[in-house]
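Participant: Quick one: this structure, given as structure tokens, is what I'll be asking you about.
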Amino acid sequence: MLIKTGILNPVSPEKAEFIRKCFLEIRGDVIVSVSDKASGKDFIDYSDYLCTPGFIDLHAHLSQFSARGNSNPQLLDWLNNYVFPEEIKSFNPPYAEKIAEEFFTELKKSGTTSVIAYVSASEKATDIAFRQAEKAGIRVWAGNVQMDCNAPEKLCASTEENLRISFALFEKWHQKTPLLNYIFTPRFAPVCSRELMKETGDYALKNKIKIQSHLSENHNENLWVKDLFPECKSYTEVYLKYGLLGENTIMAHCLHLQEREIKIMAETGTKIAHCPESNLFLKSGIFPLKEIEKAELSFGLGSDVAAGSSLFMPYHMRIMDYMQIKNYVPPEKTFYSATLGSAKVLNEHDSIGSIEVGKQADLAFWEIKDYALYNNARKIIQTMQYLPDKASLKELLVAGKKVL
Ligand SMILES: [Zn+2]
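Using the working numbering, you'd call the opening residue of the sequence shown number 1 and step up by one each time.
See below:
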């Protein structure tokens, strides 16, 4: 397949490139050439469209998709009042089916080709989520949420049962197709026993599988962790002690880390999912962008639906800028954080996150109003993130296959 199109590509947090006209050749699932000359006579003419790499949503809660828009100024109350009751609904298979289908459809409409998702604490619901992801043709890392204490009984399987469910789902779904991946998902330390964290960490390490969880989002949460784990000097040290940190781990939020915690994150190579709208919505705090960058921690952007209201990543790029009230965040950096930066967090930057020869053809084609007038990358990124009404998605490819 040969396509004539404009491209917008992330290069680094400081740089993005715009090429008004080039020819993209896709063979199977891979981009085989990006050239200013056509390699054949027949091509699809998308000259008036802009092609970007498909967005990567580094943190979203699939089973909370219908719980968006329920405000509460405190994380723990919000979980108890809205999130846990909603996640319990996914124990009903038809409901889980409906939510998963809506979630993946909306992701695709938003130009997202990869998502890292938390499902519910239900084996059935997670199974259904993978089936729907396969049907949707989207690239996923998804996991059954693990909890074995301090949460509603329905959501807390015993430690043993919890591990059995996660390991069985991993065996069944991880790499069943090249697009499907399992990620171990202990929700956060307060609802996980020491044994659950330790066994999960050991198993993930042995099988080289990713882990996701939440860290230092809210002050009350931090106090609770301090109370529950008196043997550890900090929240980060809880995860360190019980074996969940490392290069394959993505921790969401990380808003209130002390210097020594940032050091542990850097030493272990632990990555971060930054979810700015969620931080604003739950009044959790401001992401310490300068400190995280100074420590060279790898981070990318997540929607954190349902504490985030939208799956449209340019919207979260905008909030990332707005939330840094003391720092200017260049558009190139927000764009990088929703594409190549997130691919790096996943250790998948050799295969996704930008438009390059040899990479997977995960591509979004956009119609941009007044596109002919734009002549540089910054102008286009600004339009997409601040004036989203001017951008509409025309086509989406995942691994070279049209999914929308
Ligand atoms: Zn979350």
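Glycine residues also receive a C-beta, built at the ideal position from the N, C-alpha and C atoms.
Just mark C149 as buried or exposed, buried being the case when its beta carbon has 16 or more other beta carbons within 10 Å.
Facilitator: Around the CB of C149, fewer than 16 other CB atoms lie within 10 Å, so the residue is classed as exposed.
Participant: Measuring CB to CB, does Q212 end up less than 7 Å from M317?
Facilitator: no
Participant: Where D227 and P73 are concerned, what is the direct C-alpha to C-alpha distance, given to the nearest angstrom?
Facilitator: 22 Å
Participant: Where G243 and K206 are concerned, what is the direct C-alpha to C-alpha distance, given to the nearest angstrom?
Facilitator: 12 Å
Participant: Apply the 10 Å Cβ neighbour rule to Y328 and answer buried if 16 or more other Cβ atoms are within range, or exposed otherwise.
Facilitator: exposed
Participant: By a C-beta neighbour count over all protein chains shown, 10 Å radius and 16 as the cutoff for buried, is Y235 buried or exposed?
Facilitator: buried
Participant: Mapping the DSSP letters down to three states, classify V403 as helix, strand or coil.
Facilitator: Under the three-state reduction of DSSP output, V403 falls in the coil class, being neither helix nor strand.
Participant: Cβ-heavy atom distance between D57 and ligand 1 below 6 Å?
Facilitator: no
Participant: I252: beta carbon under 6 Å from a heavy atom of ligand 1?
Facilitator: The displayed chain sequence assigns Ala, not Ile, to residue 252. Checking the Cβ of A252 against ligand 1 gives yes.
Participant: Return the residue from the list N70, A252, S63 that minimises the CA-CA distance to A100.
Facilitator: S63
Participant: Looking at the strands, I want to know which residues DSSP matches up with H349.
Facilitator: DSSP output for H349 lists no bridge partner at all.
Participant: Can you tell me whether R20 is buried or exposed, with buried defined as 16 or more other CB within 10 angstroms of its CB?
Facilitator: exposed
Participant: Per DSSP, what kind of secondary structure is N144 in: helix, strand or coil?
Facilitator: DSSP places N144 in coil when its eight states are reduced to three.
Participant: Indicate whether the contact test is met: 3 or more Cβ pairs, each with one atom in the segment 103 to 118 and one in the segment 147 to 165, closer than 8 Å.
Facilitator: no
Participant: Going by beta carbon distance, what residues of the same chain come within less than 7 Å of N181, once the five residues before and after it are set aside?
Facilitator: The beta carbon of N181 is closer than 7 Å to those of V140, W141, H174, Q175 in its chain, skipping five residues each way along the sequence.
Participant: Can you check whether the CB of I355 is closer than 7 Å to the CB of P13?
Facilitator: no
Participant: For ligand 1, any of its heavy atoms closer than 6 Å to the Cβ of D362?
Facilitator: no
Participant: According to DSSP, simplified to helix, strand and coil, what is G40?
Facilitator: Reduced to three states, the DSSP call for G40 is coil.
Participant: Let's test the definition: count the other Cβ atoms within 10 Å of the Cβ of R187 and tell me whether it reaches 16, buried, or not, exposed.
Facilitator: buried
Participant: Would you tell me roughly how many angstroms separate the C-alpha atoms of E259 and P288, rounded to the nearest one?
Facilitator: Roughly 11 Å separates the two Cα atoms.
Participant: Based on the DSSP secondary-structure assignment, which residues constitute the bridge partners of G308?
Facilitator: V305
Participant: In three-state DSSP terms, what is A338?
Facilitator: coil
Participant: Which partner residues does M251 have in the DSSP bridge list?
Facilitator: S213, I272
Participant: Verify the contact flag: D202, CB atom, against every heavy atom of ligand 1, threshold strictly below 6 Å.
Facilitator: no
Participant: Just list the alpha helix (DSSP H) runs in the segment 81 to 127, keeping only unbroken ones of 4 residues or longer that don't cross its boundaries, in chain order.
Facilitator: List check, alpha helix (DSSP H) in window: 84 to 89, 93 to 109.
Participant: Examine ligand 1 and report whether any of its heavy atoms sits within less than 6 Å of the Cβ of D304.
Facilitator: Yes, ligand 1 has a heavy atom inside 6 Å of this Cβ.
Participant: Compare the Cα-Cα distances from E160 to each of M147, F170, L297, E171 and report the closest residue.
Facilitator: M147
Participant: Going by the DSSP bridge assignment, what does A16 pair with across the sheet?
Facilitator: P10
Participant: Per the contact definition of three or more C-beta pairs closer than 8 Å, is the segment 372 to 381 in contact with the segment 321 to 336?
Facilitator: yes
Participant: Tell me the rounded alpha-carbon separation between S114 and Q360.
Facilitator: Our two residues, S114 and Q360, have alpha carbons roughly 12 Å apart in a direct line.
Participant: So, is E123 buried or exposed, given that buried needs 16 or more other C-beta atoms within 10 angstroms?
Facilitator: With 16 or more Cβ atoms within 10 Å of its Cβ, E123 is classed as buried.
Participant: Please state if the CB of L255 and the CB of S298 are separated by a distance shorter than 7 Å.
Facilitator: no
Participant: Within 10 angstroms of its Cβ, does Y315 collect 16 or more other Cβ (buried), or is it exposed?
Facilitator: buried
Participant: Buried or exposed: where does P94 fall if 16 or more other Cβ atoms within 10 Å of its Cβ makes it buried?
Facilitator: exposed
Participant: Quick one: measure Cβ to Cβ for D350 and V398, integer angstroms, because I've assumed they're closer than 8 Å.
Facilitator: That belief does not hold up - the Cβ atoms of D350 and V398 are roughly 17 Å apart, past 8 Å.
Participant: I'd like to check one pair, G246 with C275: are the Cβ atoms closer than 7 Å?
Facilitator: The Cβ atoms of C275 and G246 do not sit closer than 7 Å to each other.
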